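A.B. asks: So the protein lines, in turn, are chains L and F. Using numbering that gives the first Met the number 0, read the first sequence as starting at 0 and increasing by one per residue. Using numbering that gives the first Met the number 0, read the second sequence as starting at 0 and increasing by one per residue. C-beta: ideal position from N, C-alpha, C; glycine also. Please read all numbers here as calculations on a predicted model, not as lab measurements. The structure that follows is given in the form of structure tokens.
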Amino acid sequence: MSGFGALCPLPLRLGGDAETGLSASQYCRIAADVLACLQTSPFAAFRVTSAVMTAYRGWNGCGLAHAPTIALVTGSTYSYTWPETWEDDAGVEHAVNIQSVRVTPMSSVLVTARVEITAPNQIQITGAPTCCVTVWGGGLERTLSDYGAYADKDDSKTEVVPYAWSAYRALQDARGSAYTQSSSGLVHIENLVLARGHAARWRDGERVACNANPATASEMLPDWQTVLGVAPRAGDTTEDIRSRCAAKFAFTLGPTRQVVDDAIAALLGRFFVKVWREHSEDLSSPPALTYWPGENPGPAAYDLGGGAWLSERSRIFVEVTPIADADQVQFNSRIDALQEMLDLSLPAWETWSWGSNADGGFVLDEDLLDEGTMGP
Amino acid sequence: MTTPNGSPAWVRANDFTTYGGHLSKRNYQDIPIINPKTDVSAEALCRLAADLAAVQRTAFFAALTFSPADPSHPSVTNVRLMTGITSTPYTGNAPPTGYPSVAYQSTGYYIVTFATSYADPFLVSGALDLQVAQASAFKSGVSMSTTVERINAYTWRVRTFTSSTAAATTATTVHAMFQ
């Protein structure tokens, strides 16, 4: 759907064609690339000549007015001090938290510079009063969800044609040929205003419907979280909470095979590969480790009282993608949620495990052997 | 054809309004988003716009690597510009169109020259005004130091030295970045 213009005010509804719209995949690419650039982008770069600031560019602005204060510490050591916080264009304050500095002296002969980070908002440079300085650490910690970008972002399937446009055309038709259909003037303005009002009501209805499902809830998400008993975790994004609520809600239909598979896929998102059921449904061919008293007694060591009862049949294996270190936090959070969800939702006689290969078994070690499993 | 707002990123003149940000940006009638899976709220757009405005102010315009061949012109082996990337080596004094020259002056002394302006993919031109440069040099078994000097908005000197003797020295590889 077209996301722009008078007939489609914000919020932006993703979709539409290349000329008039912005697809979900395009928007997610924009968000991902901005995040990537942000993570390596310097906070500031400046040039000093004889300890006098001559050029400054920073996240906080371009020009000498935004530059740090220079002060002589001792000898050839100068300090460069920013305010403790800086304000972005949207008026939000962030703490200056310098993490890395690069200095190259400006000279026709060899000059050696030494640089030290002496405070989150201060550096000291010794030996090079004329130099170029690049600083990293502006305090912007972002995730994709800050930009409204999610792994399951999709093009709108409902407002494919802007509601306001449909209403506008309907009004023109209803008014008939006695009213001008020019796209300017009083009639046009009245039609536009009425159309946007109708569209707002249609959007209201759609919003109510979306909030009635935790998978698409926004305003009601905290209520769904309470109703479904989804506990918050440190570092949760809105996407994390929504996926956990959706997965738990799906189990209200009962732990059928489809529900289990869909819930696991929804919860794990991009980390999900497949749900394996290791044994067939042929009851006449029981799996190897199947024991029950009298019929097929098991080893005494397996007996918890009354004889050993064991079956591998009701077991699922969740295959996940191998993860990069950068994804460790989110991955661990999803796996924690998976364990909680399956523990509460699966019948007591069904067991499960997860790993990054399809051999089944159990994960031995996270640090050294990644998420590969070791089978029996 | 649509012409994008504002100036190319290397002009450093854009603010968040260029990217659609506004201090009073809001969803129509202040109604929240309808479907978080398909919609982008005014708040998210403003956050994206503000962060992009910050990033474009300090992003490096160029990062390049060259292998000196004193007294000949060096071989430029990798160039990454906001306007393009090449890993095809070229002789420093004969750059392909759109890429900087790196000219030998004397032992360990080179001049990097860019064009005075560049155009973005929408053919919007912007003057180049490089204010900051960083450089480093490598030579096996030798501790190297570098200095830079700004000649003008698009031209810089890069010099390499042996740290212990302060003598101008030909490095094996030089890396330089320009903002």
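(1) Could you compute how far the alpha carbon of L368(L) sits from the alpha carbon of I334(L)?
(2) With DSSP collapsed to three states, give me the class of M105(L).
(3) So which residues of chain F does G57(L) contact, with C-beta pairs closer than 7 Å?
(4) Using a cut-off of 9 Å between C-beta atoms, extract the partners of E205(L) located in chain F.
(5) Shorter than 8 Å from the beta carbon of T19(L) to some beta carbon of chain F?
(6) Can you check whether the C-beta of S1(L) is within less than 8 Å of a C-beta belonging to chain F?
(7) Hey, is D69(F)'s beta-carbon within less than 8 Å of any beta-carbon in chain L?
(8) Counting only beta-carbon separations shorter than 8 Å, does A170(F) have a partner in chain L?
(9) Based on DSSP bridge pairs, tell me the residues matched to I122(L).
(10) Just checking my contact of F149(F) with R56(L) at CB under 8 Å: how many whole Å lie between their CB atoms?
(11) Just how far apart, CA to CA, sit S1(L) and T237(L)?
(12) Indicate the three-state DSSP secondary structure (helix, strand or coil) for N331(L) in the structure shown.
(13) Can you pull the chain F residues whose beta carbon is under 8 Å from the beta carbon of Y79(L), in chain order?
(14) Would you list, in chain order, the members of the segment 103–131 of chain L that have their beta-carbon closer than 8 Å to a beta-carbon of chain F?
(15) Roughly how far, in whole angstroms, is the beta-carbon of Y26(L) from the beta-carbon of V39(F), given that I think they are within contact range, below 8 Å?
(16) Taking G90(L) as the query, report the chain F residues whose CB atoms sit under 8 Å from its CB, ordered along the chain.
(17) What residue does the alpha helix (DSSP H) around K273(L) start on, and which one ends it?
(18) Taking just the CA atoms, how far does A136(F) sit from V108(L)?
(19) Between the C-alpha atoms of W135(L) and T39(L), what's the straight-line distance to the nearest angstrom?
(20) On the three-state DSSP scale, how would you describe A127(L)?
(21) Is V226(L) helix, strand or coil by DSSP?
(22) Just how far apart, CA to CA, sit S176(L) and R195(L)?
(23) In three-state DSSP terms, what is W348(L)?
(24) Taking Cβ positions, are T103(L) and Q133(F) nearer each other than 8 Å?
(25) Check each candidate in A43(F), R11(F), A118(F) and T17(F) and name the one with the smallest Cα separation from D145(L).
(26) Can you say whether Y301(L) is buried or exposed, counting buried as having 16 or more other CB atoms within 10 angstroms of its CB?
(27) Exposed or buried, what is Q98(L) when buried is set at 16 or more other beta-carbons lying within 10 Å of its beta-carbon?
(28) What would DSSP say about D38(F), mapped onto helix, strand or coil?
(29) Give me the residue from P285(L), P321(L) and G234(L) with the minimum Cα distance to K273(L).
(30) Please list the partners that T145(F) has in chain L, where partner means a Cβ-to-Cβ separation under 7 Å.
(31) Does the beta carbon of D38(F) sit closer than 8 Å to a beta carbon anywhere in chain L?
(32) Return no unless some Cβ of chain L is closer than 8 Å to the Cβ of Y27(F).
(33) Let me see if you follow: with CB-CB separation under 8 Å, is V33(L) close to chain F or not?
(34) Measuring only the C-alpha atoms, how far is N210(L) from K36(F)?
(35) Chain B beta carbons: is any one of them nearer than 8 Å to that of L122(F)?
C.D. replies: On the basis of the supplied data:
(1) Residue confidence for L368(L) is low, a pLDDT of 49 falling below 50, so the modelled location carries little weight; the figure read from the coordinates is stated next. Rounded to whole angstroms, L368(L) to I334(L) spans 17 Å at the Cα level.
(2) Strand, per DSSP.
(3) Within chain F, the residues whose beta carbon sits less than 7 Å from that of G57(L) are R56 and T57, listed in sequence order.
(4) In chain order: I33 and N34.
(5) By this cut-off, T19(L) is not an interface position.
(6) Note on S1(L): pLDDT 49, under 50, position unreliable in the model; the coordinate value appears next. Cβ-Cβ to chain F under 8 Å: no for S1(L).
(7) No, D69(F) does not count as interfacial toward chain L.
(8) Not a single C-beta of chain L is nearer than 8 Å to the C-beta of A170(F).
(9) Paired residue(s): Y79(L) and I116(L).
(10) The question names Phe, but residue 149(F) is Arg in the sequence shown. That pair is no contact at about 14 Å.
(11) Confidence is the limiting factor: at S1(L) the pLDDT is only 49, short of 50, which leaves the residue's position unreliable and the question unanswerable from this model.
(12) Three-state DSSP puts N331(L) in a helix.
(13) Here the premise fails: no neighbours, minimum Cβ distance about 14 Å.
(14) For the segment 103–131 of chain L, the set of residues with a beta-carbon nearer than 8 Å to any beta-carbon of chain F comprises T103, P104, M105, S106, S107, V108, L109, V110, T111 and C131, in chain order.
(15) Sure, about 6 Å apart at Cβ, within 8 Å.
(16) Result: L22.
(17) Note, K273(L): premise wrong, no alpha helix (DSSP H); beta strand (DSSP E) at F271 to R276.
(18) Whole-angstrom Cα-Cα distance: 15 Å.
(19) Going from the Cα of W135(L) to the Cα of T39(L) covers about 8 Å.
(20) Residue state, collapsed to three classes: coil.
(21) Three-state DSSP puts V226(L) in a helix.
(22) Distance between the alpha carbons of S176(L) and R195(L): 22 Å.
(23) DSSP places W348(L) in coil when its eight states are reduced to three.
(24) Going by C-beta atoms, T103(L) is nearer than 8 Å to Q133(F).
(25) Ranking A43(F), R11(F), A118(F) and T17(F) by Cα distance to D145(L) puts A43(F) first.
(26) Y301(L) counts as exposed, since fewer than 16 other beta carbons sit within 10 angstroms of its beta carbon.
(27) The residue is exposed, with fewer than 16 neighbouring Cβ atoms inside 10 Å.
(28) Strand at D38(F).
(29) Scanning P285(L), P321(L) and G234(L) for the CA closest to the CA of K273(L) turns up P321(L).
(30) By Cβ distance, chain L contributes T103.
(31) Interface annotation, D38(F): in contact with chain L, CB-CB separation under 8 Å.
(32) So yes, Y27(F) belongs to the interface.
(33) Chain F contact via Cβ: present.
(34) C-alpha separation (whole angstroms): 12 Å.
(35) Here the protein chains are L and F, and chain B is not one of them.
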